[in-house]
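Trainee:
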Amino acid sequence: MPSRRTFIKGLAAAALPIFTGCATSVPSPNSRLQHAAIGVNGRGKAVLMGIKATHKVDVVALCDVDANSLEEAGQAFPNARRYSDWRELLEAENGRIDAVSVATPDHTHAPAAMSAIRRGKHVFCEKPLAHDVHEVRQLTRAARKAGAVTQMGIQMHAHSAYQSAVEILRGGAIGKVKEWHSWCKSRYSSPGKKRPLGEDPIPPHLNWDVWIGVAPMRPFKQGVYHPDQWRSWRDFGGGVLGDFGCHIFDPVFTALQIGPPVSIYAETPETDEEVWPEWSIIHYEFSGNKLTEGRTVRAIWYDGGKQPSLADLPLGEEVTLPGDGSLIIGTAGIMILPHCEEAKLYPATRFQSYPRPQTERRHHLAQWVEACLSGGEPDANFDFSGPLTEAVLLGTVAQRCPGVTLKWDADKMKITNHPEANSHLARPYRAGWEIKDLSA
Numbered sequence: 093m094p095s096r097r098t099f100i101k102g103l104a105a106a107a108l109p110i111f112t113g114c115a116t117s118v119p120s121p122n123s124r125l126q127h128a129a130i131g132v133n134g135r136g137k138a139v140l141m142g143i144k145a146t147h148k149v150d151v152v153a154l155c156d157v158d159a160n161s162l163e164e165a166g167q168a169f170p171n172a173r174r175y176s177d178w179r180e181l182l183e184a185e186n187g188r189i190d191a192v193s194v195a196t197p198d199h200t201h202a203p204a205a206m207s208a209i210r211r212g213k214h215v216f217c218e219k220p221l222a223h224d225v226h227e228v229r230q231l232t233r234a235a236r237k238a239g240a241v242t243q244m245g246i247q248m249h250a251h252s253a254y255q256s257a258v259e260i261l262r263g264g265a266i267g268k269v270k271e272w273h274s275w276c277k278s279r280y281s282s283p284g285k286k287r288p289l290g291e292d293p294i295p296p297h298l299n300w301d302v303w304i305g306v307a308p309m310r311p312f313k314q315g316v317y318h319p320d321q322w323r324s325w326r327d328f329g330g331g332v333l334g335d336f337g338c339h340i341f342d343p344v345f346t347a348l349q350i351g352p353p354v355s356i357y358a359e360t361p362e363t364d365e366e367v368w369p370e371w372s373i374i375h376y377e378f379s380g381n382k383l384t385e386g387r388t389v390r391a392i393w394y395d396g397g398k399q400p401s402l403a404d405l406p407l408g409e410e411v412t413l414p415g416d417g418s419l420i421i422g423t424a425g426i427m428i429l430p431h432c433e434e435a436k437l438y439p440a441t442r443f444q445s446y447p448r449p450q451t452e453r454r455h456h457l458a459q460w461v462e463a464c465l466s467g468g469e470p471d472a473n474f475d476f477s478g479p480l481t482e483a484v485l486l487g488t489v490a491q492r493c494p495g496v497t498l499k500w501d502a503d504k505m506k507i508t509n510h511p512e513a514n515s516h517l518a519r520p521y522r523a524g525w526e527i528k529d530l531s532a
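If you use this note's numbering, the sequence shown corresponds to residues 93 to 532, in order.
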């Protein structure tokens with residue numbers, strides 16, 4: 093049975109008006125946020141330290157499938173109660189927490205976040221919001237309906253380098269955008285990579301059943317999945333695109349107010365049911381708007397060492413592309429935006445005296461904590477980051493169907509010209525782990 097506080101919060105959320113992109117949120121009734129962390133290693137550790145640094149949060153519960161990671165986090169938060177199963181945490185802590193962070197492998201993001209939202213909790217979730225397109229759409233809807241304060245972990249969204257790039261693009265410095273290219277040098281797979289035979293003893297400190305969670309069960313193999321090799325495998329991660337796409341697409345989506353794609357086409361060297369490709373080039377087409385040239389605008393994603401060609405571009409000098417970033421081509425100039433660095437405009441001689449916007453960095457976790465306590469909406473809330481994640485994950489669907497242009501109907505959430513591709517929009521959950529509205 094829900095606590096009285098949770099029940100009152102639910103009533104308040106139901107009475108609030110809902111505005112797409114700017115939902116009114118329910119402030120925490122406490123002077124300090126009562127918080128539970130699901131996933132405390134890697135990004136989870138960084139999230140915890142960022143939350144602690146606000147000095148406005150009591151971390152009262154910790155959860156991780158790895159007892160060693162849980163013990164380390166417990167040293168920093170000695171009064172926090174500990175769990176190895178996030179379902180048990182949410183059940184036991186329901187009346188004692190206001191908010192939850194989710195920093196687990198991708199396949200657990202939506203199940204844990206949705207379960208927290210349904211209990212009236214605010215949610216911070218690492219990128220991508222989910223493993224599948226269907227999960228993202230359902231999670232975004234649920235958060236908006238509940239009036240939850242949400243934030244996706246794309247920390248560069250709040251960084252001055254990206255904010256400055258957004259202002260430059262919106263100000264029209266390079267004119268109307270004709271197309272853009274984004275890339276990441278990382279490679280999470282290799283030719284011929286296959287699931288290893290046999291199994292190894294499950295370490296006593298690892299809750300393997302909960303690590304697998306909603307995904308199909310697999311035998312444990314040392315060093316293959318846990319703690320950080322899971323991104324290569326389709327059942328658990330989204331490859332390079334799933335990992336970096338939300339980061340690198342973010343400033344362009346923000347600046348140009350990009351909507352859903354209308355088509356997606358993937359080039360890959362091979363397809364495999366278990367692992368993501370060694371590299372990919374994914375062609376997107378989006379509807380144009382007042383900030384772009386033409387009825388549609390093209391975007392191309394590259395990973396695994398692939399990059400766009402600079403041949404025939406009027407850069408005015410020899411340029412070397414950064415390892416990760418975006419190249420935005422406008423009618424009046426070109427922007428090269430390295431990931432995590434300031435944008436550069438070309439031809440450089442034309443933009444030597446261009447005034448750089450003065451922007452102030454505001455930490456993305458501080459935004460979320462303040463909104464949970466006082467109301468308002470963080471910049472990367474689910475109404476923004478949900479559609480961004482959908483576009484990224486549609487690229488992973490195209491990777492499963494290389495060589496085919498997939499036509500996307502966002503309103504019907506359907507690929508209209510290739511029925512087989514629709515089977516990759518959602519997945520069945522493992523028996524006993526089904527969650528209403530998420531499991532296919």
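Even glycine gets a Cβ: it sits at the ideal position worked out from N, Cα and C. Fair warning: this is a prediction, and the values are worked out from it, not measured in the lab.
Tell me the DSSP secondary structure of TYR254 in three-state form.
Mentor: When DSSP states are grouped into helix, strand and coil, TYR254 belongs to the helix group.
Trainee: Can you tell me whether ASN160 is buried or exposed, with buried defined as 16 or more other CB within 10 angstroms of its CB?
Mentor: exposed
Trainee: By the three-class DSSP mapping on this structure, what secondary structure does ARG210 have?
Mentor: helix
Trainee: Would you call the stretch 279–291 and the stretch 425–440 touching, i.e. three or more CB-CB distances under 8 Å?
Mentor: no
Trainee: Does the Cβ-Cβ distance between LEU429 and TYR175 come in under 9 Å?
Mentor: Going by C-beta atoms, LEU429 is not nearer than 9 Å to TYR175.
Trainee: By the DSSP assignment, the alpha helix (DSSP H) with ARG390 in it spans what residues?
Mentor: Careful: ARG390 lies outside any alpha helix (DSSP H), inside the beta strand (DSSP E) at 388–395.
Trainee: With a CB to CB cut of under 7 Å and the five nearest residues on each side skipped, what residues in its chain are close to ILE209?
Mentor: If we look at ILE209 and ignore the five residues flanking it on each side, its Cβ neighbours are VAL215, ALA234, ALA235, ALA238, ALA240.
Trainee: Could you tell me if LYS382 is buried or exposed, where buried requires 16 or more neighbouring beta carbons within 10 angstroms of its beta carbon?
Mentor: exposed
Trainee: Please name the residue or residues paired with LEU498 in a DSSP beta bridge.
Mentor: BP columns for LEU498 point to ILE356.
Trainee: Let me know the secondary structure DSSP gives SER95 once reduced to three states.
Mentor: Residue placement at SER95 is poorly supported in this model, since its pLDDT is 32, which falls under 50; the coordinates are not used for a value here.
Trainee: Among HIS147, THR146, CYS338, ALA165, which has the Cα closest to the Cα of LEU154?
Mentor: Nearest of HIS147, THR146, CYS338, ALA165 to LEU154, Cα basis: ALA165.
Trainee: Flag this pair as yes or no: are the beta carbons of GLU271 and ARG124 separated by less than 9 Å?
Mentor: Note that the C-beta distance between GLU271 and ARG124 is not below 9 Å.
Trainee: Go to CYS493, then tell me how far its alpha helix (DSSP H) extends in each direction, as first and last residue.
Mentor: Neither: CYS493 is in no alpha helix (DSSP H) and is coded neither H nor E.
Trainee: Using only CA atoms, which one of GLN399, GLY397, LEU419, ASP395 lies nearest to PRO406?
Mentor: LEU419
Trainee: Does the separation of the CB atoms of GLY417 and ILE340 fall below 9 Å?
Mentor: yes
Trainee: Only counting the same chain, and skipping five residues up and downstream in sequence, which positions put a Cβ closer than 8 Å to that of VAL152?
Mentor: GLN126, HIS127, ALA128, ASN171, ALA172, ARG173, GLU185, ARG188, ILE189
Trainee: Could you spell out where the beta strand (DSSP E) holding HIS273 opens and where it closes?
Mentor: 269–276
Trainee: Going by alpha carbons, who is nearest to ASP177 out of ASP292, ASP301, MET309, ARG135?
Mentor: ASP301
Trainee: At the level of alpha carbons, what is the spacing between ALA138 and ARG453?
Mentor: 18 Å
Trainee: Name the DSSP bridge partner or partners of SER379?
Mentor: THR388
Trainee: With 16 as the cutoff for other CB atoms within 10 Å, does ASP158 come out buried or exposed?
Mentor: The residue is buried, with at least 16 neighbouring Cβ atoms inside 10 Å.
Trainee: Please specify which runs of the alpha helix (DSSP H), each continuous and at least 4 residues long, are wholly inside the stretch 431–473, giving them in chain order.
Mentor: Complete alpha helix (DSSP H) runs here, min 4: 456–466.
Trainee: Ends of the beta strand (DSSP E) at ASP150?
Mentor: 149–155
Trainee: Take GLY113 and list the residues in its own chain whose beta-carbon comes closer than 7 Å to its own, dropping the five residues that flank it on each side.
Mentor: Legend: pLDDT at GLY113 = 28, less than 50; position of this residue unreliable, value from coordinates given subsequently. Correct list, in chain order: ASP475, PHE476.
Trainee: Hey, quick one: how far does the beta strand (DSSP E) through GLY245 stretch, first residue to last?
Mentor: 242–245
Trainee: Looking at VAL332 and ARG279, is the spacing between their C-beta atoms short of 9 Å?
Mentor: yes
Trainee: With distances taken from CA atoms, which of ILE527, ASP529, PRO494, LYS528 is nearest HIS512?
Mentor: Inspection of the sequence shows that residue 512 is occupied by Glu rather than by His. Relative to GLU512, the option among ILE527, ASP529, PRO494, LYS528 whose CA is nearest is PRO494.
Trainee: If I follow the unbroken alpha helix (DSSP H) through LEU42, where does it start and stop?
Mentor: One cannot answer for residue 42 here, as it falls past the ends of the chain, which runs 93 to 532.
Trainee: Taking C-beta to C-beta, are GLY337 and PHE378 nearer than 9 Å?
Mentor: no
Trainee: With distances taken from CA atoms, which of ILE266, ARG135, LEU181, ALA463 is nearest ILE421?
Mentor: ILE266
Trainee: Determine the extent of the alpha helix (DSSP H) in which GLY337 is found, giving its start and end residues.
Mentor: 331–348
Trainee: Nearest-angstrom Cα distance between GLU183 and VAL192?
Mentor: Cα to Cα, the separation comes out at about 13 Å.
Trainee: Could you tell me which of VAL496, GLU218, VAL228 sits nearest to THR363, measuring between CA atoms?
Mentor: VAL496
Trainee: With a CB to CB cut of under 7 Å and the five nearest residues on each side skipped, what residues in its chain are close to GLU409?
Mentor: ALA440
Trainee: Going by DSSP, name the residue or residues bridged to PHE216.
Mentor: SER193, GLN243
Trainee: Below 8 Å CB to CB, which residues in the same chain sit around GLN230 once its five sequence neighbours on both sides are set aside?
Mentor: ALA202, MET206, ASP529, LEU530
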